[in-house]
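In what follows, a single structure is set out as structure tokens and then discussed.
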Amino acid sequence: MLIPRPLLVAALVACLTGLASADSEMLTIGSSAPQLDVDHWFALGEAPEGEEPEAPAPITAFESGKVYVVEFWATWCGPCVGSIPHIHELQERYRDQGVTVISLSDESVDTIEPFFEREVRGYPTEEGEETPTYGELMGAYRVGTDPDGSVNKSYMQAAMQNGIPCAFLVGKSGVVEWIGHPMEMEPVLNAVLDESWDREEFGEQFRLQQEMEKLQSEAIAAARAGDFKKLREKAETLAESASSPRMKQMAQRLLMFADQIESQHIIQTDPERAIGEFNKLVESANGDVEAINRLTWGIYGMAASGVPIREDLLQAAAEATEELVVDDAPNGNLLDTIGHLYHQMGDLDKAIEVQRRAVAVGQPPEAAQLQAQIEAFLQQLLAEKAAKAEAPAE
712 MLIPRPLLVA ALVACLTGLA SADSEMLTIG SSAPQLDVDH WFALGEAPEG
762 EEPEAPAPIT AFESGKVYVV EFWATWCGPC VGSIPHIHEL QERYRDQGVT
812 VISLSDESVD TIEPFFEREV RGYPTEEGEE TPTYGELMGA YRVGTDPDGS
862 VNKSYMQAAM QNGIPCAFLV GKSGVVEWIG HPMEMEPVLN AVLDESWDRE
912 EFGEQFRLQQ EMEKLQSEAI AAARAGDFKK LREKAETLAE SASSPRMKQM
962 AQRLLMFADQ IESQHIIQTD PERAIGEFNK LVESANGDVE AINRLTWGIY
1012 GMAASGVPIR EDLLQAAAEA TEELVVDDAP NGNLLDTIGH LYHQMGDLDK
1062 AIEVQRRAVA VGQPPEAAQL QAQIEAFLQQ LLAEKAAKAE APAE
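Here the working numbering runs 711 ahead of the position in the sequence shown, where the first position is 1.
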């Protein structure tokens, strides 16, 4: 979609995964696990009848010879909530082997405490047995929250992890052995406990992934600064370093955005080269109807917002969109884009003709709001035409 550079860069950030800045100290496999500066530990678990559970002593350091799981979660995160029964079972099963599970959020205490009262959805129970609450299950392990985000920064951001739930497995010597989804952790936990885990082999692949994500972060910084040469250099380095299908896909995505951002800049700042850059973007879309429609709608959007777009580029955008319209199965979204482009060019009759077709094609029931917008634009065009007809001749 052709949009002003700050918004396109935001789209780039959303599509790529690196969170840590290029200058932050990286936490990786084999790093010493940072201390836990947790703001609040919850009092969960069993207590004598009529008494409240006592708050546990804070865990700030990792005891030598013991294994810890530091898991990041949130009450709003469906996969996190779905993992709670598994984490409960994991703690119960490995408690006697010196394993301590620590589950940390960055939400407020007032947000988390009501969550503990909720019954566990889909939890298997025997006939007549009450469904446990999340607080009862989580009482098996340590649960805290750190609203100032300091622990999140020293773990999640430092390790370039941007998705939860995410678990950090800290081994007997206090170093990070593994990072990943808690549902995938148990085989690694067993290997760490019996000292058969190959930290170096896993770490080599994990560090490579982190280095590539660091390159992404540097590329995003270059894009924000408008340094297109540096952006392309970082994108090309990333593509050359890719060693897995996922990494190659990420590298290609970054290269694509590098091209798009530079082309967007040229279109907005160099009218003489604008059509050439537009044609390059259309060609690179390789017939992708949605991609081309986003592109041409974006050109309309820039012109409508006051960016000086020449009429020949608006015409080229309309024609590129028209080429996608199939007579026996017309696309209302495409027709709506074309109608807006002709209106922007001042061809009111053509805009009305195309917009009537867009309204007639219609939208599926789930897109009723879009259909209403298409119909409203037609009414706007008709009102403009009526106003012109009533205006006195000059």
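A virtual CB, placed ideally from N, CA and C, is assigned to each residue, including glycine. Everything numeric in this text was worked out from a predicted model, so none of it was measured.
Legend entry - Nearest to GLY914 (by Cα), restricted to the options PHE879, LEU1092, ASN901, GLN1084: PHE879
Legend entry - Within 8 Å, strictly: CB atoms of HIS799 and MET849: yes
Legend entry - PHE1088: first and last residue of the uninterrupted alpha helix (DSSP H) it sits in: 1079-1101
Legend entry - Completely contained beta strand (DSSP E) runs for the region 783-857, where each covers 3 or more residues: 810-816, 853-856
Inset, instruction - Mind checking who VAL700 pairs with in its DSSP beta bridge? - result: The structure shown has nothing for residue 700, since the chain only spans 712 to 1105.
Inset, instruction - Mind reading off the beta-carbon distance from LYS1096 to LEU1059? Whole number of angstroms is fine, and I expect it under 8 Å. - result: 6 Å
Inset, instruction - Measure the alpha-carbon distance for ALA733 versus LEU942 and round it to whole angstroms. - result: Any reading at ALA733 is ruled out, since the residue's pLDDT is 40, under 50, leaving its predicted position unreliable.
Legend entry - Where the alpha helix (DSSP H) through ILE770 begins and ends: Careful: ILE770 lies outside any alpha helix (DSSP H) and carries neither H nor E.
Inset, instruction - Determine which residues share a DSSP beta bridge with VAL886 and list them. - result: Looking at the DSSP assignment, VAL886 forms a beta bridge with SER743.
Inset, instruction - Figure out for me which residue from ILE972, GLN1026, TRP784 has the closest Cα to the Cα of GLY1050. - result: Comparing Cα positions, the closest option is GLN1026.
Inset, instruction - May I ask you to list the residues that DSSP assigns as paired with TRP752? - result: Looking at the DSSP assignment, TRP752 forms a beta bridge with GLY855.
Legend entry - Inter-stretch contact (C-beta, 8 Å, three-pair minimum) for the region 841-857 and the region 738-745: Per the Cβ contact rule, the region 841-857 is not in contact with the region 738-745 (fewer than 3 Cβ pairs under 8 Å).
Inset, instruction - Determine the extent of the alpha helix (DSSP H) in which ALA1029 is found, giving its start and end residues. - result: Start and end: 1022-1033.
Inset, instruction - State the Cα-Cα distance for the pair GLU947 and ASP909, rounded to the nearest angstrom. - result: It is roughly 32 Å from the alpha-carbon of GLU947 to the alpha-carbon of ASP909.
Inset, instruction - To the nearest angstrom, report how far apart CYS726 and LEU1092 are at their CA atoms. - result: At CYS726, the pLDDT of 43 sits below 50, so the modelled position is not reliable and the matter cannot be decided from this model.
Inset, instruction - Can you grab the Cα-Cα spacing for the pair LEU815 / LEU801, in whole Å? - result: If I take the Cα positions, the gap works out to 16 Å.
Inset, instruction - Along the alpha helix (DSSP H) that carries GLY987, what are the first and last residues, could you check? - result: 982-995
Legend entry - Spatial distance of ALA1079 from ASN1042 (CA atoms): Rounded to the nearest angstrom, the two C-alpha atoms are 15 Å apart.
Inset, instruction - Kindly say whether ALA1071, judged by its beta-carbon, lies nearer than 8 Å to any beta-carbon of chain B. - result: Looking for chain B here will not work: only one protein chain is present.
Inset, instruction - Measure the C-alpha to C-alpha separation of SER865 and HIS751 and round it to an integer number of angstroms. - result: Within the model, the alpha-carbon separation for SER865 versus HIS751 is close to 17 Å.
Inset, instruction - Would you kindly work out how many angstroms separate the C-alpha atoms of GLU830 and THR822, rounded to a whole number? - result: 16 Å
Inset, instruction - Note down, in chain order, each residue of its chain lying with its Cβ closer than 7 Å to the Cβ of ALA1029, except the 5 sequence neighbours on either side. - result: Only residues of its own chain outside the window of five on either side were considered, and among them ILE1049, LEU1052, TYR1053 have a CB closer than 7 Å to the CB of ALA1029, listed in chain order.
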